[in-house]
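For reference, the structure discussed in these notes is given below.
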Amino acid sequence: MKKFAFALAVAGALMSASLAQADTLSEVKARGTLKCGVNQGLDGFSAKDDKGQWTGFDVDMCRAVAAAVLGDAGKVEYVPLSAEARFPALQKGEIDLLSRNSTWTLSREADLKLIFAGVSYYDGQGFLVPIARNINGALELGSAKVCVQAGTTSVLNARDYARQNNLQLEMIELPSVDDVVKSYADGKCDVITTDVSQLYALRLKLAKPADHIVLPDVISKEPLGPVVRQGDDRWLNVVKWSFFALLNAEELGISTATLDQALASEKPDVKRFVGTEGNYGEQLGLGKDWAVRIVKSVGNYGEVFERNIGANSKLGIPRGINQLWSVGGIQYAPPIR
């Protein structure tokens, strides 16, 4: 009986802990800050500027959620995480949200018990090489030494690609992005492989970025997006719809420059977005103006993209398939109704 009672006590404690952890929205509101896991330093996605402020595409996702939940995009505690530390930190509740160029895969949901809230950036893995090597495509890499960050999907993708195409690539797995760049710059490897978006960022770290080229080959699907723990549907909905608000705002023509006109609009879909019709914010556990706060803080999806990684940024990445579905891309958000 004592053993049975002890087992019940343990089960009860575990259940209580699970239930306590399963209301992240209330915890964030009570704390007054959002704990958001980001990359330790990746230009365009998450990095500190010369004033020590975090900026970037993934950082703006953290800011959007904070604006929706707390009414202030500045109420974010950024937690810089390595590739290997990012998922354990989320699992253990050290962060509320992971917004760190992470690929949506089956095992990360089924095995790690995490869940992706959407695809904020459709990416694919590629290769960065020195122009001097005169390589025009990945099939010409032969037996090149390839630097890759350990603990990422890039390792398996590169091995699969080499095996399928009879290449004798030598994989050099390194613990951090900085180690990857340094080894490449020191000539210890001939190639860097990772997501194409990251290659554009890493190229900026080299002494002469113009001497290096991202090959045209894309060897994988890398849908990147924000991640939360499983078992907390209310929090998942908040993060998911904060992202969808960015896309819907762009599609509706709502931006930082047109927000005042949107607030006075009589169009039904715009009224639902800004909260002058319906109770959609309340359904999420937020205020009526949750989506307005997002746009006021970070803009719409197009503004976030162009400011951080688009054609007019340091990275200069073409928007490509990350255009809205209505203009030839595949970014698409369910409607607010």
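Under mature numbering (1 follows the signal peptide of the UniProt record, and there is no 0), the letters of the sequence shown match residues -22 to -1, 1 to 315, in that order. Where a beta carbon is used, it is the ideal one built from N, C-alpha and C, also for glycine.
- In this structure, V57 lies near E72, with their beta-carbon atoms less than 8 Å apart.
- N17 carries a strand assignment under DSSP once its states are collapsed to helix, strand and coil.
- Inclusion of G22 and L59 in the CB contact set at 8 Å is not warranted, their separation being larger than that value.
- C-alpha of V206 to C-alpha of G102: approximately 22 Å in a straight line.
- For E148, the enclosing beta strand (DSSP E) starts and ends at E148 to L152.
- Annotation: the continuous beta strand (DSSP E) that includes D173 extends over V169 to D173.
- The beta carbon of I191 is closer than 6 Å to those of I109 in its chain, skipping five residues each way along the sequence.
- Less than 8 Å divides the Cβ of K123 from the Cβ of D168.
- In terms of Cβ geometry, G280 and E228 form a close pair [threshold 8 Å].
- DSSP places E55 inside the beta strand (DSSP E), whose first and last residues are V54 to L59.
- Scanning K183, K91, S198 and S175 for the CA closest to the CA of D138 turns up S198.
- Y258 is bridged by DSSP to nothing; it lacks a bridge partner.
- Annotated three-state conformation of A269 is helix, per DSSP.
- Counting the other CB atoms within 10 Å of its CB gives Q309 a total of 16 or more, which places it among the buried residues.
- Non-local C-beta neighbours of Q261 in its own chain, meaning closer than 8 Å and more than five positions away in sequence, are absent.
- By the C-beta density criterion, P66 is exposed, having fewer than 16 other C-beta atoms within 10 angstroms.
- In the three-state scheme derived from DSSP, where H, G and I count as helix and E and B as strand, A110 is classed as helix.
- Within the same chain, and ignoring the five residues on either side of L230 in sequence, the residues whose Cβ sits closer than 7 Å to its Cβ are D247, V248 and F251.
- In this structure, Q176 and N79 form a Cβ contact; the two beta carbons are roughly 7 Å apart against a cut-off of 8 Å.
- Here F65 carries a helix assignment [DSSP, helix/strand/coil].
- G259 is positioned such that its CB atom lies closer than 8 Å to that of D267.
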